[in-house]
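A.B. asks: This is the structure I want to talk about, given as structure tokens.
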Amino acid sequence: MSVFQFPPWTNKIKFLVGLAVAGGGFYAFLIVNFGFSPATTDVGYQPTQPVPFSHALHVGELGVDCRYCHTTVEQATHSPIPATQTCMNCHSKIHTESPKLAPVRESWKTGNPIEWVRVHDLPDYAYFNHAAHVTKGVGCVSCHGRVDQMEVVYQHEPLSMGWCLDCHKAPEQHLRPVEHITAMDWKPTDPHLGTKLKELYNVNPSLDCSTCHR
Amino acid sequence: MSSIKSKAENYWRSLDELAENSEFQGYLHREFKDVNVDAPGSVSRRRFMQLMGASLALSSASGCILEGPGMWAKEKILPHTRRPAGLVPGQTKSYATLFNLGGFSQGLSVTSYEGRPIKIEGNPLHPASLGACSTYAQASILGLYDPDRSQQILQGGKPSDAKTFDKYLSKLLGKLKANGGQNLRVLAEPSASVTLAKVKADFLSAFPKATWTEFTTFNRDNVDEGAQIAFGAGTRVRYNVAKAEIIVNLDGDFLTEHPEALRHTKEWGDNRNPEAGKMNRLYAVESHFSSSGVSSDHRLPLRHEQLKPFLLALQGALKAHGVTIEGPEATPNSGFLKAHKIAAWVKALAKDLAANQGKSLLTVGYRQPAEVHALAHRLNVALGNLGKTLSVLGIAAKTNSNQYRAIKTLASDMNTGKVDTLLILGANPAYSATGDLKFGEAMNKVKNKIHLGLYANETAALATWHLPETHALATWSDGRSFSGTYSVAQPLLEPLYKSHSQIELLLKLMGREDSAYALVRATALTMAGGNPAALEAEKADTAPSAANTDTAVAAAPNKNDRTWRKLVQDGIVPNTDYPVKTDATLQSFSITPPNSGSLNSHDNLKNGEYEITFIDDGKVYDGRFANNGSLQELPDFTTKLTWDNAALLSPSTAKTLKVNDGQMIKLEIGGQSVTLPVYTLPGQPTGSIAVALGYGREEAGHVGGSAKLSVASPGFDVSAIRRSSSAFQRKGVTITATGADYELASTQNHHAIDDTGYQERERRAHTLIRETSLAEYQKDPGYVDSTKYEHHLPVIDKYKQEQLFGALEYKADHQWGMSIDLSKCNGCNACIMACNTENIVPVAGKDQVLKGREMQWLRLDRYFAGDEEDPTILSQPVACVHCENAPCEQVCPVAATLHTEEGLNDMVYNRCVGTRYCLNNCPLKVRRFNYHNYHEDLKTPENKVKTMQFNPDVTVRFRGVMEKCTYCIQRIKQAKDTARNEKRPLADGDITPACAQTCGSDAIVFGDINDKNSRVSKLRKLARSYGMLGGLNLRPRTEMLGKIRNVNPDLAKV
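Structure (structure tokens):
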């Protein structure tokens, strides 16, 4: 009975195969680590909006509180985009002829909604709750960045599962007194404040899957 | 203990199992019956694609479009232009409304998410629902979004438009107005609506020569006529089950079929606590296994026709016990009594009833003739029950004739040319009228036929014009419950299509401009004691739909508006019940002697003398829900049949006829015949065949069958052998086997937990179910103790279990658990429907059910015990029990199923790779695998409407993903959010999973087992609380409470 033996010419390609395997592994490593990384695909995502609304102007310069527009952020899972009516509270009197505001006036007149483009888009199987975070002392800036300095809003954080879990494992780094929840430039004066607030607000973020996935 | 042991040897799940049939062996050895687990591409697979039930698709995930963030498509956010007051985006709200069926209303509380209703529950304030909800009402949400619903006006079956119809109508109306409605007939279903009744009266005075006929298949004319014979005209009998210690349910189902069934169930369940030392005792004497029969302590199978002699015999026996009864009738001869177990039953029943005078109750089902009802009323009165366990309500005296007689008259008028114009409101007589009337042929003789209906069905196909009807959830209406409670039905959304409600169409025919809303509001305010004259003057409230908060009620501009907003918010107008007639007395009447055939013992019955009864199987009703896949796939609670009806035969009848399950038989009577498959149901009376109505529809839709779309219809239509003179029973059926076979999709052997061997079955049945009598339980409260039934592993510390991969600790404050009381489950299937609609459970289709791939997360296991001809049934709800020591978790290679700190067994869909190891390792077989993309149909635009029902808080599962009960995790989260917003700790009762919420008898209780005072903790501490398969040390979070039957010692040995 003959036993199979590799023919001699295979010796020549041994090196090439070895290189392909090692190189392929390295390539896969690069793709998974960088190509699929949320940092590569998401952070900095800055779509063009139908209305050139400037958070830098409204929040940064004029000092409008986040909750003036994003009203139910403290009660509900969603932090809603404001109704056209909210815009018109002021803009029925200010800049009533501005061409930039034409879509807003159009929406107000026709009753058709303004079609904003979603910037912070979580997958449909992840259930994020704004109220649960905001009422426990996680500030807006922690996830959305310095919105008060953004002319056009972009995604500041990766919003990946690993990023969520970093905070769920060590929430004290991101806690602040609830009265400063919308303050964009708040800095802790006491280095141990986070730990104290964690105690005070009874913050024990769960790491269970069903916390976010149902 | 000895009685348990002897019973233990008798449990069996089906006749196959009892017979050690090779088919059941197939189920034992494999998870799925079919070896070829995935054979797509066949014709049946395409059929299955058509059958997808109400569930959603993957929104617009059309590949990797990198224009959006990350890997998915760009999404738009469309905010309101003006946000309605009180609306919080992303949060659900509940609104009170009504479900009307058969002329009675049931209060609903409908959950709405941003303007689209997604879930139906019972209105806790409504006396006919008390927070629970029937299967039909819950499933009607799927009907709202059924893409097969009629969407446009049809002329002679072809699409037309409103303009052409209006032109036709004005010509027709001109003629009708001139002749006062000569030869105009209206056929409608009986309605609970007071406003419709008013509009009807207006219509009849506008067209004085017109006639109005009411008809529905499962009408309660027999019941009404029975009350009339017994208590005089204008009476209705209402039961007070709470006070009844002895209940005798006679060939009906007071726990599911009655218009007040939910209240009965609650009151019956409240008195099923053996720990209270006393339980009610339920007897069932019936021709078909009803849910009352399943729940009963004693059951006697009896042919439909035998109930009259049975009651006469009971009357005689009660007289012998010294009960004064006026009746002159003779007791049937001893030959009748000798048969079967009847004599023993009559004796024991008479003794029990005589000993419990004033605390007993006899109820009769609507299929029995009026005389039998009157007779039962007489016995109730003689036993002193009047004013205690039943009361007589004064209602408006009935003016219209019996519905089956009325439709017969209508059909003969149509045949003799006395009808020129036929207006059909909602009804589907071409399908539902009995075969003798040949209603379809009669329709061809009518010139103008206008049909208003939710579907372009069989009747629409024959009509000159078909108009789409507005769904009940999209229009203003009202209704009265069985006891008279008046409620307003408010719309939950704008009509999806251009359509008319019945009220709107009648107004249009009368040329009136007023809106249904204004009329309903005026009726409601009148019912609430307002002054109708004052209403005329004032402007109608413009913002009623915002009226679901107390602030909105207070903000209403005037008193009438405040009253209106309040009654719309609550869903009831208090103090509108029909008055109790305290002076009601029993009339004198006599009962015609029973015919000799009914006295025949079943042993003497020959082929050709059999009777057939026509039943409502709780799924498709009279056929109107035939296009509802979720209902079609609901396993019948006794037969476990899905997608079909069958001729239900007792095992002995089947033996006599030499037929087996799935063989086609021809039922022949009076020259007419129908052919349908056999299904042997233990407990069916010998010589009595039961067949469910509502199947075999010709024009129902993509699910319920349609000749037009060439979709085969599930089940078989038996109208041909029905007669309007005897609508629910016929005698003298000849049965012949045709030799053909038919595949019935029954789930009865699926998920057979018994995996180690058939010989072990008796012993192992008791690892799952435990049952005993009240007396035995009081003697031995710990009868359920697992160690008595199986080898038991030593129990280690609570909340700390050694696991293969390290110890799990349950540290969180809340530890969720559930308790299911088998003594209170009546097998009504409402919990399954609640779960289906809450959790977007897909419909798999008949061919998938045949492979054991039904998707319902919750199932009702049905166990027979005892004699094959006269068994008892134990019904056990089984969903994931959330084992603390879960075997599924230990085998998942990707950690897609694992425990939370609160004791939930999580299923992480987006991690699941579909190995199905967890399913194989689950000892209770509660996991469901998505073999196909059950939402594929949603890719077509016309089916997109189904997605409107989807609960936004539940993930839609894709092909290749495992799923199972989550204890309604979304509800746990919501309750926690609410408590946090209100800055208070979670209270017991804040969280109710969908199944527990809808359970009429509160058999399912959920809560925190860490909280010593929670209901679930207390129930789990009862001596009869046990975990299924205790010997495996699963430590399930769902525990069962053993079934206790309140056995009458006199009947125990019969």
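Keeping their order, the protein sequence lines are chains A and B. Using the working numbering, read the first sequence as starting at 611 and increasing by one per residue. Using the working numbering, read the second sequence as starting at 9 and increasing by one per residue. Beta carbons are placed, not taken as given, at the ideal position from N, Cα and C, and that holds for glycine.
#1: So B/Gly487 is in the beta strand (DSSP E); what residue range does that whole segment cover?
#2: Between the alpha carbons of B/Thr650 and B/Asp624, how many angstroms are there, rounded?
#3: Output needed for B/Pro317: all residues of its chain with C-beta closer than 8 Å, excluding positions within five of it in sequence on either side, in chain order.
#4: Can you tell me which residues form a DSSP beta bridge with A/Met794?
#5: Considering Cα atoms alone, identify which of A/Leu775, A/Tyr764, A/Glu716 is closest to A/Val653.
#6: If the cut-off is 8 Å on Cβ atoms, which residues from the stretch 78-109 of chain B count as contacting chain A, listed in chain order?
#7: Is any beta-carbon of chain B found at less than 8 Å from that of A/His688?
#8: If distances are taken between C-alpha atoms only, which option among B/Glu707, B/Lys206, B/Met1048 comes closest to B/Met535?
#9: Beta carbons nearer than 8 Å to chain B: which residues of the stretch 732-760 of chain A have them?
#10: Check whether chain A comes within 8 Å of B/Ile977, counting only Cβ atoms and requiring the distance to be less than that.
#11: Among B/Gly853, B/Asp1010, B/Asp578, B/Val792, which has the Cα closest to the Cα of B/Leu1037?
#12: Near B/Lys455, which residues of its chain fall below 6 Å by C-beta distance, leaving aside the five closest residues on each side in sequence?
#13: Using three-state DSSP, classify B/Ala745 as helix, strand or coil.
#14: If you follow the beta strand (DSSP E) that B/Lys349 is part of, which residue opens it and which one closes it?
#15: So the candidates are B/Pro437, B/Thr172, B/Asp156; which of them puts its Cα closest to the Cα of B/Lys954?
#16: Per DSSP, what are the beta-bridge partners of B/Ser883 in this structure?
#17: Pull the bridge partners of B/Lys446 from the DSSP assignment, please.
#18: Grouping DSSP H, G and I as helix and E and B as strand, with all else coil, what is B/Leu776?
#19: What do you reckon, are the CB atoms on B/Val699 and B/Ile620 nearer than 8 Å?
#20: Assuming B/Asn928 is part of the alpha helix (DSSP H), what are its boundary residues?
#21: Of all the residues that make up the stretch 971-1001 of chain B, which are near chain A by a beta-carbon distance shorter than 7 Å?
#22: Which residue spans inside the stretch 117-154 of chain B form an unbroken alpha helix (DSSP H) run of at least 4?
#23: From B/Lys666, B/Leu460, B/Thr646, B/Leu418, pick the residue whose C-alpha is nearest to that of B/Asn436; which is it?
#24: Report yes or no: do three or more beta-carbon pairs, one from the stretch 494-507 of chain B and one from the stretch 101-113 of chain B, lie closer than 8 Å?
#25: To which residues of the same chain is A/Ser729 closer than 6 Å at the C-beta, ignoring the five residues directly before and after it?
#26: List the residues of chain B whose Cβ lies closer than 9 Å to the Cβ of A/Ala712, in chain order.
#27: Helix, strand or coil for B/Asp763, going by three-state DSSP, please let me know.
#28: What residues of chain B sit near A/Cys819, judged by a beta carbon separation below 7 Å?
#29: Distance cutoff 8 Å, beta carbons only. Does A/Gln685 sit that close to anything in chain B?
#30: Take B/Gly1050 as the anchor and find which of B/Leu1030, B/Cys926, B/Lys674 has the nearest alpha-carbon.
#31: Can you give the Cα-Cα distance for A/Asp758 and A/Phe636, rounded to whole angstroms?
#32: Grouping DSSP H, G and I as helix and E and B as strand, with all else coil, what is B/Val699?
#33: Considering only the beta carbon of each residue, do B/Asp985 and A/Ala741 sit closer than 8 Å?
#34: Should B/Ala292 and B/Gly301 be called a contact, given that it needs their Cβ atoms to be closer than 8 Å?
#35: Should B/Lys13 be labelled buried (16 or more other beta-carbon atoms within 10 Å of its own) or exposed?
#36: Using a 10 Å radius around the Cβ and a threshold of 16 neighbouring Cβ atoms, would you call B/Pro1057 buried or exposed?
C.D. replies: Answer, in terms of the structure:
#1: 485-488
#2: 14 Å
#3: Pro340, Phe344, Pro602, Ser606, Leu607
#4: None; A/Met794 has no bridge partner.
#5: A/Tyr764
#6: Gly78, Met79, Trp80, Lys82, Glu83, Lys84, Ile85, Leu86, Pro87, His88, Thr89, Arg90, Arg91, Val96, Pro97, Gly98, Gln99
#7: yes
#8: Checked all of B/Glu707, B/Lys206, B/Met1048; the closest Cα to B/Met535 is B/Lys206.
#9: Contacts with chain B (Cβ-Cβ distance below 8 Å) from the stretch 732-760 of chain A involve Pro733, Asp734, Tyr735, Tyr737, Asn739, Ala741, Ala742, Thr745, listed in chain order.
#10: yes
#11: B/Val792
#12: Asp428
#13: Of the three classes helix, strand and coil, the one that applies to B/Ala745 here is strand, per DSSP.
#14: No beta strand (DSSP E) contains B/Lys349, which DSSP labels as neither H nor E.
#15: B/Asp156
#16: Beta-bridge pairing links B/Ser883 to B/Arg870.
#17: Here B/Lys446 is not bridged, per DSSP, to any residue.
#18: coil
#19: yes
#20: 925-929
#21: Under the 7 Å Cβ criterion, the stretch 971-1001 of chain B contributes Thr974, Ile977, Gln978, Asp985, Arg988, Asn989.
#22: The stretch 117-154 of chain B contains these whole alpha helix (DSSP H) runs: 143-152.
#23: B/Leu460
#24: yes
#25: The sequence shown places Val at residue 729 of chain A, rather than the Ser named in the question. So the list reads Val763, Gln765, once near-sequence residues are dropped.
#26: The premise fails here: A/Ala712 is roughly 15 Å from chain B at the closest Cβ pair, so nothing lies under 9 Å.
#27: Caution applies to B/Asp763, whose pLDDT of 48 falls short of 50 and renders its modelled position unreliable; the value that the coordinates give is listed next. In this structure, B/Asp763 counts as coil in the three-state DSSP scheme.
#28: Leu906, Asp914, Val916
#29: yes
#30: Out of B/Leu1030, B/Cys926, B/Lys674, B/Leu1030 has the C-alpha closest to the C-alpha of B/Gly1050.
#31: 41 Å
#32: strand
#33: Contact flag set, yes.
#34: yes
#35: The pLDDT assigned to B/Lys13 is 37, lower than 50, so where the model puts this residue is not dependable; a value taken from the coordinates is nonetheless given after this. Counting Cβ neighbours within 10 Å, B/Lys13 comes out exposed, since fewer than 16 surround it.
#36: Taking all protein chains in view, the Cβ of B/Pro1057 is surrounded by fewer than 16 other Cβ atoms within 10 Å, so the residue is classified as exposed.
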